[in-house]
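Yeah, the sequence shown ends on 461 if you go by this note's numbering, and it's all consecutive.
The C-beta atom is built at its ideal place from N, Cα and C for all residues, glycine as well.
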Amino acid sequence: MADYIEGKRPVIEALRAQMPMKCVMLADNLQQDGQVKDILRKARQFNVPVKTVTRRKLDDMSERGSHQGVMAQALPYPYSSFKEILRGAEKHAEEHDGNALIMVLDHITDAGNLGAIARSAEIVGASGVIIPNKRSAHVTAATYKSSAGAINHIKCAQVSNIAQTLERLKTEGYWVAGASEEAHYTVWEAPLHGKIALVMGNEGEGLSRLTLESCDFLTRLPQEGKVGSLNVAQAATAIMYEWMRQSTVKAQG
């Protein structure tokens, strides 16, 4: 099923995030205001074809009726394989004193959270993001937007079974760290260095039972305030930076 983006501002943001697109479609009676000129300029910049179609066609294609005379058709996201992420992580470990990070998302359902995590993962040097192929967010326009285009620069793989994937990572020498508010150790105390598979749970329910059983250890963020914990994307970012800090300290001896 094609992924369509509706409206001037959403199309501009998708182009800015360099979301791969098949084409941009403009209504034949559309007035060229500043936003439309911006769309045309960005489409030329990123070599995205622009087609003129009837407004009736856009009405028929629209799901929300909010296209404003502008729609874009996104190309399917090119998912990587688990093996590709594993190879990239091994190369990273060889070049960075045995340190590598793979993010594993246990049925996170918000595509924006997926993008925010991918953005942080790319920044800290993680080798990839693994998500389930069912009952989970997948890469959409919202992911490109929240990742600020970083999803183009980090591998993302879909797998059929998270628990089995974690067991496979263990056989490859990874410690599986699960993020949980019930953990005894904070991230400052947990051994978050070396080859780590960091598992983040569902926004509402956290880590599933099978995933918890597959973790080598659990860790949590320290907390002084009374407000509830950070959302999953914020928490993932904080833990990833602690992995980066500990790995750097270890490498420096």
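Query                                                                                                        : Result
beta-carbon V395 near the ligand ZN non-hydrogen atom, thresh 6 Å                                            : The ligand content of the structure shown is nil, which means the ligand ZN is not present either.
For G409, three-class secondary structure by DSSP                                                            : strand
Beta-ladder partner(s) of C231, from DSSP                                                                    : Q281
For I213 and D318, the rounded distance between their alpha carbons                                          : 17 Å
Beta-carbon gap between V441 and K353 smaller than 7 Å                                                       : Strictly speaking, residue 441 in this sequence is Ala, with Val absent from that position. Result no, Cβ atoms of A441 and K353 do not sit closer than 7 Å.
Status (buried if at least 16 other CB within 10 Å, exposed otherwise) for L223                              : buried
G433 classed as buried or exposed, judged by whether at least 16 other C-beta atoms fall within 10 angstroms : exposed
Burial state of W396 (16 or more Cβ within 10 Å)                                                             : exposed
Burial state of P218, where buried means 16 or more other Cβ atoms lie within 10 Å                           : buried
Paired residues, beta bridge with I338 - DSSP                                                                : V312, A365
Nearest residue (CA-CA) to M452, options L400, I316, V244                                                    : L400
Contact the segment 382-393 vs the segment 255-265: 3+ CB pairs below 8 Å                                    : no
Reduced DSSP category for E271 - H, G, I as helix; E, B as strand; rest coil                                 : coil
T394, buried or exposed, once every other Cβ within 10 Å from all chains shown has been counted against 16   : exposed
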